[in-house]
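Be aware that the sequence shown starts at 455, since it is given in my numbering, and climbs by one per residue. Each residue gets a CB set at the ideal place from its N, CA and C atoms; glycine is no exception.
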Amino acid sequence: MADIEEARKQFERIDTDGDGFITAAEFKTALAQGGDWNVTEAVAEAVIRSQDVNGDKLLSFDEFWAHLNK
Ligand SMILES: [Ca+2]
Ligand SMILES: [Ca+2]
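Structural data, given as structure tokens:
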């Protein structure tokens with residue numbers, strides 16, 4: 455069971471424009487900052503797609519949280 459406070463902090467760090475949704479571009483930037491420079495836009499999109507429940511190509515906190523608890 456992940457910690458929801460930690461998850462929220464992590465989510466907010468990735469969601470750089472603070473609109474409450476993580477885009478593929480934001481995800482890619484976050485991974486690059488974490489030192490993972492091999493992640494391309496296509497990979498980031500695939501990761502978002504794999505966690506995106508409602509198909510809007512954005513990751514909401516609920517979707518992010520659900521994935522952590524799988
Ligand atoms: Ca955002
Ligand atoms: Ca979504």
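By the C-beta density criterion, ASP469 is buried, having at least 16 other C-beta atoms within 10 angstroms. Within the chosen limit of 7 Å, ligand 2 does not reach the beta carbon of LEU522 with any heavy atom. Note that the C-beta distance between LEU522 and ALA456 is below 8 Å. Look at ASP473: its beta carbon is less than 7 Å from one of the heavy atoms in ligand 1.
Less than 8 Å separates the beta-carbon of ALA461 from that of TRP519.
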